[in-house]
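Asker: Sequential numbering from 1 applies to the sequence shown in the working numbering.
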Amino acid sequence: MEKLIAKIMQKKELSSLSKSFVEKILKEVISEKKDFFSELEKKNYNPKSKEYKFFVKEVRKRLRVVYGSFDEDKESVKKLIDEKKYDEALKKHVSTRERLPFYGEFLELISGKKIMDLGCGLNPLAFKKEYIENYLAIDIGQEVELVNRYFENEKIRGDAKLLDLSDKSVVRELVNVSANFDVCLMLKLVDTLESTTRDITDELLKMKCKKIISFPLQSIGGKKIAPQRNWFKKKAGKYDRKVIGNEEFFIVE
Ligand SMILES: C[S@@+](CC[C@H](N)C(=O)[O-])C[C@H]1O[C@@H](n2cnc3c(N)ncnc32)[C@H](O)[C@@H]1O
């Protein structure tokens with residue numbers, strides 16, 4: 001199992017994911033393909049077997065979906081950050097690229113300068129130094145290093161941490177520090193976390209500050225539609241809702 005995880009993580013873009021998260025996704029695939037997995041065990045994890053190849057490919061595919069990804073490698077995004085071409089860097093991540101024309105409107109939702117950003121991607125790069133008193137950014141991918149580089153370059157009081165938010169104990173620790181913040185962003189994250197950890201949203205909604213949670217709108221034949229997401233609305237209780245660009249925002253006090 002350890003070797004299989006190491007093999008999955010050999011891809012450069014997956015190498016900085018946390019091992020426990022990769023293991024969780026692998027176990028998810030194993031539980032769906034039990035027969036296939038016992039064959040693999042019988043074959044002593046032979047890297048040439050079709051079962052071995054299947055697990056490597058399937059887990060990598062799911063990891064890429066969950067964790068979104070850059071169009072280019074980390075080094076080229078790092079270079080853009082060092083050249084202070086932040087808008088160019090924001091274009092390299094699918095979520096921030098989509099939001100780029102709407103950032104002005106989005107930033108109006110935010111009150112206060114003490115910000116938590118869960119599953120941050122490159123979103124912190126859209127915040128100029130004057131809008132930040134303290135920024136805590138969390139992600140499971142290589143964005144963490146890039147966001148820290150941005151904070152250092154701009155001398156921003158911020159910290160990006162590599163943590164697995166599908167782990168309820170990690171989220172509970174963040175709930176404990178959340179009272180020190182004005183707002184907690186969870187942008188295009190919750191669907192993903194629910195798919196690996198059921199009811200994690202209940203824990204996320206316990207953050208003791210204003211919560212801004214977003215979901216992508218689905219585009220069908222050019223028309224944007226908002227899926228009902230009744231499960232989320234029920235959990236959130238009282239909320240304000242706003243659509244900006246290709247994204248639906250829920251504001252929960
Ligand atoms: C669709 S992207 C959204 C990025 C950013 N919030 C935005 O909207 O610009 C989802 C982000 O969540 C992060 N993510 C996914 N699963 C995670 C987990 N279990 N723990 C921490 N971060 C996670 C991914 O690495 C990715 O950066």
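Every residue, glycine too, gets a C-beta built ideally from N, C-alpha and C.
Since we're looking at a predicted model, the values are computed, not measured.
Just to confirm the assignment, what range does the beta strand (DSSP E) spanning S214 have?
Answerer: Run containing S214: K210 to P216, per the beta strand (DSSP E) assignment.
Asker: Using the Cα positions of K211 and L122, report the straight-line distance between them to the nearest angstrom.
Answerer: Whole-angstrom Cα-Cα distance: 19 Å.
Asker: Are the beta-carbon atoms of M207 and V170 separated by less than 8 Å?
Answerer: No.
Asker: Please give the ranges of any beta strand (DSSP E) in the stretch 136-190, keeping only runs that are unbroken, at least 3 residues long and fully inside the region.
Answerer: List check, beta strand (DSSP E) in window: 158-162 and 183-187.
Asker: Might you give, ordered along the chain, the residues of its own chain that have their beta carbon closer than 8 Å to the beta carbon of L26, omitting 5 neighbours on each side?
Answerer: The residues are M1, L4, I5, I8, F55 and V59.
Asker: Can you tell me whether E253 is helix, strand or coil according to DSSP?
Answerer: Three-state result, E253: coil.
Asker: Of all Cβ atoms in chain D, is any one closer than 8 Å to the Cβ of K7?
Answerer: The structure shown contains no chain D; it holds only a single protein chain.
Asker: Looking at the structure shown, is D117 part of a helix, part of a strand, or coil, going by DSSP?
Answerer: Correct three-state label for D117: strand.
Asker: Per DSSP, which one or two residues make a beta bridge with K7?
Answerer: Looking at the DSSP assignment, K7 forms no beta bridge with any residue, so it has no partner.
Asker: Which class does D240 belong to by DSSP, given the choice of helix, strand or coil?
Answerer: In the structure shown, D240 sits in a strand (DSSP, three-state: E or B).
Asker: Evaluate the contact criterion for the stretch 192-204 versus the stretch 86-98: three or more CB pairs, one atom per stretch, below 8 Å.
Answerer: Judged by Cβ distances under 8 Å, the stretch 192-204 makes no contact with the stretch 86-98, as fewer than three pairs qualify.
Asker: So N246 and P227 are supposed to be a Cβ contact under 8 Å. How far apart are they, rounded?
Answerer: The pair is not a contact, with the Cβ atoms about 13 Å apart (cut-off 8 Å).
Asker: Within the continuous alpha helix (DSSP H) that includes R99, where are the two ends?
Answerer: Start and end: V94 to R99.
Asker: Measure the C-alpha to C-alpha separation of E203 and P47 and round it to an integer number of angstroms.
Answerer: Cα to Cα, E203 sits roughly 39 Å from P47.
Asker: Are there 16 or more other CB atoms within 10 angstroms of the CB of F106, so buried, or fewer, so exposed?
Answerer: Buried, because 16 or more other Cβ atoms sit within 10 Å of the Cβ of F106.
Asker: Out of K128, S178 and K24, which has the shortest C-alpha to C-alpha gap to K155?
Answerer: Here the closest residue by C-alpha is K128.
Asker: Considering just the uninterrupted stretch of the alpha helix (DSSP H) at G104, what are its terminal residues?
Answerer: Taken as a continuous stretch (DSSP letters only), the alpha helix (DSSP H) holding G104 covers Y103 to L107.
Asker: Measuring CB to CB, does S18 end up less than 8 Å from L162?
Answerer: Closer than 8 Å, so yes.
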